[in-house]
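Chains G and L supply the protein sequences, listed in that same order. Heads up: the first sequence runs through residues 886 to 1585, numbered per the working numbering. Heads up: the second sequence runs through residues 41 to 357, numbered per the working numbering. Down below is the structure, laid out as structure tokens.
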Amino acid sequence: MTRNERPATDSPAASGPAAPIPALRFDGLHVAYKVRGIDRRVLSDVSLSIAPGEAYGLVGESGCGKSTAAFAAMRYLPRNGSITAGRVMFEGANVGAMSNAAMRELRKNAISMVYQNPIGALNPTMRIGAQVAEVFRIEGFDRAESLSRSEQALGAVQIADPGQVMRRYPHQLSGGMAQRVVIAMAVATNPRLLILDEPTTGLDATVEAEVLDVVRALRTTMGTAVLFISHNLGVIRSMCDRVGVLYAGHIVEEGETGRILSDPRHPYTVGLLRCIPRAGRGKDAVRLDTIPGTLPPLGADATGCVYAPRCGLVRDRCQRERPPIVESAGRHLTRCFFPEEAPALPRTPGDEFAANVSIPPITDDRPAALVTLVGVGKTFGHDDLAVRVLRDINLHLRAGETLGLVGESGSGKTTLAKLLLGLVAPDAGSRIALDGRQLGAVLGDRSAADVGAVQIVFQNPDSALNRRHTVRHIVSRAVVKLGGKSKGEAIVRAEILLAEMRVDARLHAAKPAQLSGGLKQRVAIARAFAGSPRLVVCDEPTSALDVSVQAAILNLLVDLQRSEHVSYLFISHDLGVVRYLSDRIAVMYLGRIMELGPADAVFSGPNHPYTEALVSSLPSVDGEPTRRVRLVGEVPSVTDPPSGCVLHTRCPRRAGSGVESLCDTVEPDLVEVEPGHLLRCHLSLERLREMQATVAAVSV
Amino acid sequence: MKRFLLRRVLLAFLTLWLLTGVVFFASHALPGNVAQKVLGPFADPEGVKQLNHELGTDRPIPQQYVTWIAKTVRLDFGRSLNYDRPVTEKLRPALGYSARLALFAFVLVVPISIAGGIIAAMKRGRFLDRFITVAGLSAAVVPEFVWGVLLVLVFGVKLHWLPVPGLAPPGSSVFSQYKHLLMPALCLVFVLFGYIARITRAGVIEAIDADYTRTAALKGLTSGQVVVRHVLRNALVPTIAVVATQLGYLLGGLIAVEYLFNYPGLGQLLLNAVKKRDFPLLQAAVLVSGTVYVVATFAADLLYMVLNPRLRQGATS
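This is the structure in structure tokens:
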């Protein structure tokens, strides 16, 4: 293992004679995992320092070593992982040299951790109360005292009825509630360092915003130092004082969060930021940039800069020498020989496929709707157990149009997609038509052509593709089934489709397991396009992918739409992505459409109070001050929706509106408030415009 | 949950009903006639006819089935042809003996194999893990009667440590009774150890790798506390359910072991009934052993539900 230049103080916070002892410090940390007897390095010479009370963000794509850094700090590496060089220091003490008992003391009351997937982080066979109380029990409190302290701890993370939550089991909690419980356990003993590893990934935007609020509030009251790990740059921006960008186990850039994100000096950071869809710039205005190539394999040891193979500014020197981490223009640290050139990183060459095709803007004189939904409803169960998950959905989609579908989990988005696909039959009286012809309720009632005309791309390509078949087989089979071609023709067509999706010919004989997540999703898209579809339902197609891969997939979807004139129903909880891709947006809540309109009108308002709350919960990478409009409480159960307007229990605009009693008793209709813009609200567009403008003025 | 329970109960009854069908038709509806089979090929035709009449086997099959099942549900299994006494009189003690052997084997095998599985999981990939896994598997693939013969040869014939018959002479002390039972029970321990240990090992490994175990460790609990409070609690849920189904196997007639150790349990009874073509006895013995199996499986499901809060309490708040 080579140890290259390792200055004793790598980070400004650690230098300076008056600097306090950092809460956490990595000194030239190298971590390796032993795979088949060989040490493969996952962290290389990572040095960072977090001052007491400071929030430090660690960003990077999957596989870059973020979580490894977190577990190294907790001294809880996987059984095959080990620190091969360097040290982890907690408040000046070497964590690696501590006895097990001393380490336990640290974990008990000085360092805590919160992770992704909160429900999995709680013991499924124990009640919440017992699990939280355990933290106090091992501190030496008796049972009664532990339980009453647990109740306080849960109250501190804004759980409304702690006593009731304590009696529940983890599976009875929502993701957001479970994450609050995990946070309550983590901060119960006033730790001096809190490590958060993707704490809000997988949660709804509104829930994410609330969880982040809780963390922020706890930080101000307790002054805890935070190591915040996330792939979401917007979240990092809203939470962290400083940020380190991790690439293939190396910190490539580090500094004050605002500076790094608004004026990055490493080509990787620059590229990463360009992959993210930004507010106000849709698919017609700007093409997303991507990062070519892939992360080097685990443990690969380059002689030069780790990022050289993917860097658009690469020179000979980058291939030969490894750049040291240096201060760039007295501002922040970057591991690049040419930091001043980074902002001028050339864009990835746009592809001939779509660059010059201009699409006509969608106007009302365009041909009639491709897909029409009239009075579509879905009820599961029957009699007294009936649950109406969709209610009176009226929608149309034009050819070549993208309709974004947003709403919190449980709003009925996926059910609506299933109805369109014929996977679930709608209630009697529902009408779903393609080109004016009624579609069969379920797949068995649809002709092969109709089945091919409405297709889907799933969130998780791993489970959508048959692992035993080759890529070519998967796609050609779909061509046979959906396109009605012979086997020979199908193989030719499959090869063409895969080439269009930019899946290299060498990979056509590979099985899905041999492909990266992005490539698998390309194969899944090729499969969906096998029967020349008219409508493709995209159900969170990029949620499992890194931003650079996501950008490439979104570009591909845009290109395909332009060349094939296909329509998309695009479902995502990532509002930024939905906004980028969609022409129109439908906002759903408890099985109803609350708002429907052009993407810009829906996002920039005046909009429905529910949409307003959703949009305002989105943390911005650009750090614009967002006026937060909060929804109170949890999503009511679909089995027992509130009376009147279904939102009235949580509505941010109900109080003081003067129509409260109407909201509580009468459900508003979905009405057109301006051309093409529909709202389900008792408040007029003018009234909403007024209310939303005042708050904006106040908060600025 | 209520619906789940109800479905299980209905399924259990359905299984039993199918079993009665199989038992009945296998013995009644086979070609040839029952009395002839009982009395042998050279029996007096009048006698055959009379026996058939006594047994009711000269009536139409559906009618026979109805009368038979009506009696069966009242636990009236008729008279044994071989012993000429009510079947229940033979069945009851046999069932008692079987239960004693089964429970004794159960009490031995469960703690040993669960402990073995836990140790294997904790030492994953090391020598002890491989040893337990390989030894358990090897022991399980050897049929129980081979173990029986081996044990008899070593401990009974060669070393004279243990008595060979499974049943102690009347009037023996409790200690002596269990000493007699030890060898037959050991055969069963050998057969089941590998299976239970493996399931335990898998459950423990899954729980060790689970996120909640990480949470527990990072709370600052000692590894002992983590294992006892968090790992085992979750790991043993599937194990216990699987183990409970094994009780059915143990109770439901261990023909080879009982024969080898000359132990008068249900297995022996079954074997004798077949040999002597004692149909009423055979039917009753098969039904009882099947019922025991179904009940044990049902109990296992019930236990799994009690141990698993996700099944015990619905997801609604």
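Just so you know, even glycine gets a beta-carbon here, dropped at the ideal spot from N, CA and C.
- Message: Does any residue of chain G have a CB that is nearer than 9 Å to the CB of Val282 of chain L?
- Response: Here residue 282 of chain L is taken as the residue at index 242 of the second sequence, counted from 1. No, Val282 of chain L does not count as interfacial toward chain G.
- Item | Cβ neighbours of Thr1264 of chain G in the same chain (closer than 6 Å, five flanking residues each side left out) | If you number the first sequence from 1, residue 1264 of chain G lands on position 379. Excluding residues within five positions, the ones whose Cβ falls inside 6 Å are Ala1271, Arg1273 and Asp1312.
- Where Ser216 of chain L and Leu207 of chain L are concerned, what is the direct C-alpha to C-alpha distance, given to the nearest angstrom? Walking along the second sequence from the start, residue 216 of chain L turns up at place 176. Walking along the second sequence from the start, residue 207 of chain L turns up at place 167. Rounded to the nearest angstrom, the two C-alpha atoms are 9 Å apart.
- Verify whether the separation of the beta carbon atoms of Ile1278 of chain G and Val1256 of chain G is less than 9 Å. On the first sequence, residue 1278 of chain G is found 393 positions in, with the first residue counted as 1. On the first sequence, residue 1256 of chain G is found 371 positions in, with the first residue counted as 1. No, they are not a contact pair.
- Task: Assign Pro126 of chain L to one of three DSSP states: helix, strand, or coil.
- Result: Taking the second sequence and counting its residues from 1, one reaches residue 126 of chain L at position 86. For Pro126 of chain L, the secondary structure class from DSSP, reduced to helix, strand or coil, is strand.
- Classify Thr1257 of chain G as helix, strand or coil using the three-state DSSP reduction. Taking the first residue of the first sequence as 1, we reach residue 1257 of chain G at position 372. Three-state result, Thr1257 of chain G: strand.
- Please compile the residues from chain L whose C-beta is within a distance smaller than 8 Å of the C-beta of Met1051 of chain G. What you label residue 1051 of chain G is simply residue 166 of the first sequence in a count that begins at 1. Those do not exist, as Met1051 of chain G stays about 13 Å from chain L at its closest Cβ, beyond 8 Å.
- Candidates L:Ala275, L:Gly260 and L:Gly243, of which the one nearest Ser984 of chain G by Cα: Against the first sequence, residue 984 of chain G aligns to sequence position 99. Between Ser984 of chain G and the set L:Ala275, L:Gly260 and L:Gly243, the nearest pair of CA atoms involves L:Gly260.
- With a floor of 3 residues, list each beta strand (DSSP E) that falls wholly inside the stretch 1061–1120 of chain G, ordered by position along the chain. 1078–1082 and 1110–1115
- Query: So which residues on chain L does Glu1575 of chain G lean against when the C-beta distance must stay under 7 Å?
  - Reply: The residue labelled residue 1575 of chain G in the question sits at position 690 within the first sequence. Ordered by position in chain L, no residue passes the 7 Å Cβ test against Glu1575 of chain G, which lies about 37 Å from the chain.
- In chain order, which alpha helix (DSSP H) runs of at least 4 residues are fully inside the stretch 893–974 of chain G? Listed in chain order, they are 951–958.
- Cβ neighbour criterion (16 or more within 10 Å) applied to His93 of chain L: As a working mapping, residue 93 of chain L is identified with position 53 in the second sequence. Residue environment for His93 of chain L: exposed (fewer than 16 other C-beta atoms within 10 angstroms of its C-beta).
- Could you give the distance in angstroms between the alpha-carbon of Val1336 of chain G and the alpha-carbon of Lys1372 of chain G? By one-based count along the first sequence, residue 1336 of chain G stands at place 451. By one-based count along the first sequence, residue 1372 of chain G stands at place 487. Rounded to the nearest angstrom, the two C-alpha atoms are 19 Å apart.
- Measure how close the beta-carbons of Pro1426 of chain G and Gln1344 of chain G come, nearest whole angstrom, since I'm counting them as under 8 Å. As a position in the first sequence, residue 1426 of chain G is number 541, starting the count at 1. As a position in the first sequence, residue 1344 of chain G is number 459, starting the count at 1. That pair is a contact at about 7 Å.
- Message: Closest to Gly1295 of chain G by C-alpha separation, out of G:Asp1485, G:Met959, G:Arg1572 and G:Arg1477, would be which residue?
- Response: Counting from 1 along the first sequence, the entry for residue 1295 of chain G is found at position 410. Nearest of G:Asp1485, G:Met959, G:Arg1572 and G:Arg1477 to Gly1295 of chain G, Cα basis: G:Arg1477.
- C-alpha gap between Glu1036 of chain G and Ser997 of chain G, whole angstroms: As a position in the first sequence, residue 1036 of chain G is number 151, starting the count at 1. As a position in the first sequence, residue 997 of chain G is number 112, starting the count at 1. Computed Cα separation, rounded: 19 Å.
- Query: Does the beta-carbon distance from Leu1420 of chain G to Met1479 of chain G come in below 9 Å?
  - Reply: For the purposes of this step, residue 1420 of chain G is taken as residue 535 along the first sequence, with counting starting at 1. For the purposes of this step, residue 1479 of chain G is taken as residue 594 along the first sequence, with counting starting at 1. In this structure, Met1479 of chain G does not lie closer than 9 Å to Leu1420 of chain G by Cβ.
- Item | Contacts of Leu261 of chain L in chain G (Cβ-Cβ under 9 Å) | Translated into the one-based positions of the second sequence, residue 261 of chain L becomes position 221. The answer, in chain order, is Arg989, Arg992, Lys993, Glu1019 and Ile1023.
- Message: Strictly under 9 Å for the Cβ-Cβ distance: is Gly1014 of chain G near chain L by that measure?
- Response: Position 129 of the first sequence, counted from the first residue, corresponds to residue 1014 of chain G. Cβ-Cβ to chain L under 9 Å: no for Gly1014 of chain G.
- Task: Kindly indicate which three-state DSSP category Ala1326 of chain G falls into: helix, strand or coil?
- Result: The residue you call residue 1326 of chain G lines up with position 441 of the first sequence. It is coil, neither helix nor strand.
- Item | Residue-level contact to chain G via CB, Val334 of chain L, 9 Å cutoff | Taking the first residue of the second sequence as position 1, residue 334 of chain L is located at position 294. For Val334 of chain L, the answer is no, since every Cβ of chain G falls outside 9 Å of its Cβ.
- What residues in its chain sit with their C-beta under 7 Å from that of Asp1250 of chain G, if we drop five residues either side in the sequence? As a position in the first sequence, residue 1250 of chain G is number 365, starting the count at 1. Since pLDDT at Asp1250 of chain G reaches only 49, below the 50 mark, its modelled position is unreliable, and the value read off the structure follows with that caveat. Cβ within range, chain order: n/a, list empty.
- Item | Buried versus exposed, by CB contacts within 10 Å (16 or more), Val1517 of chain G | Against the first sequence, residue 1517 of chain G aligns to sequence position 632. Per the 10 Å Cβ criterion, exposed.
- Message: I'd like the span of the alpha helix (DSSP H) that includes Ala1471 of chain G, first residue to last.
- Response: Here residue 1471 of chain G is taken as the residue at index 586 of the first sequence, counted from 1. Counting along the chain, Ala1471 of chain G falls outside any alpha helix (DSSP H), though it belongs to the beta strand (DSSP E) covering Arg1469 to Tyr1474.
- Task: Please work out which residues of its chain come closer than 6 Å, Cβ to Cβ, to Thr112 of chain L, disregarding the five sequence neighbours upstream and downstream, and give them in chain order.
- Result: Residue mapping note: residue 112 of chain L aligns to position 72 of the second sequence, counting from 1. So no residue of the chain qualifies.
- Can you grab the Cα-Cα spacing for the pair Thr1175 of chain G / Ala1436 of chain G, in whole Å? Taking the first residue of the first sequence as 1, we reach residue 1175 of chain G at position 290. Taking the first residue of the first sequence as 1, we reach residue 1436 of chain G at position 551. Their Cα atoms are separated by approximately 6 Å.
- In chain L, which residues lie with their C-beta within 8 Å of the C-beta of Asn1279 of chain G? By one-based count along the first sequence, residue 1279 of chain G stands at place 394. None at all; the shortest Cβ gap to chain L is about 30 Å.
- Message: Residues of chain L with CB closer than 8 Å to the CB of Thr1010 of chain G, please, in chain order.
- Response: Taking the first sequence and counting its residues from 1, one reaches residue 1010 of chain G at position 125. Using a Cβ-Cβ cut-off of 8 Å, Thr1010 of chain G is close to Arg273, Asn274, Val277, Leu347, Asn348 and Pro349 of chain L, given in chain order.
- Task: Go through the stretch 968–1023 of chain G residue by residue and report every complete run of the alpha helix (DSSP H) that reaches 4 residues or more, in order.
- Result: 985–994 and 1013–1022
- Message: Helix, strand or coil for Lys1263 of chain G? Go by DSSP, reduced to three states.
- Response: Here residue 1263 of chain G is taken as the residue at index 378 of the first sequence, counted from 1. Three-state DSSP puts Lys1263 of chain G in a strand.
- Message: Based on DSSP bridge pairs, tell me the residues matched to Ile1278 of chain G.
- Response: As a working note, residue 1278 of chain G is residue 393 in the first sequence. Answer by DSSP bridge pairing, in chain order: G:Val1261.
- Since Arg1362 of chain G is in the alpha helix (DSSP H), which residue starts that stretch and which ends it? Locating residue 1362 of chain G in the first sequence gives position 477, counting from the first residue. Taken as a continuous stretch (DSSP letters only), the alpha helix (DSSP H) holding Arg1362 of chain G covers Val1356 to Gly1368.
- Contact between the stretch 333–353 of chain L and the stretch 280–290 of chain L: three or more CB pairs below 8 Å? yes
- Message: Quick check on Gly1351 of chain G - is its C-beta less than 9 Å from some C-beta in chain L?
- Response: Residue numbering aside, residue 1351 of chain G sits at position 466 when the first sequence is read from its first letter. Position check: residue 1351 of chain G holds Asn in this sequence, whereas Gly was assumed. With a threshold of 9 Å between beta carbons, Asn1351 of chain G makes no contact with chain L.
- Could you give the DSSP three-state label for Glu1552 of chain G: helix, strand or coil? Numbered from 1 along the first sequence, position 667 holds the residue referred to as residue 1552 of chain G. Note: Glu1552 of chain G maps to coil in three-state DSSP.
- Item | Residues, ordered as in the chain, of the stretch 147–171 of chain L that lie near chain G by beta-carbon distance below 7 Å | none
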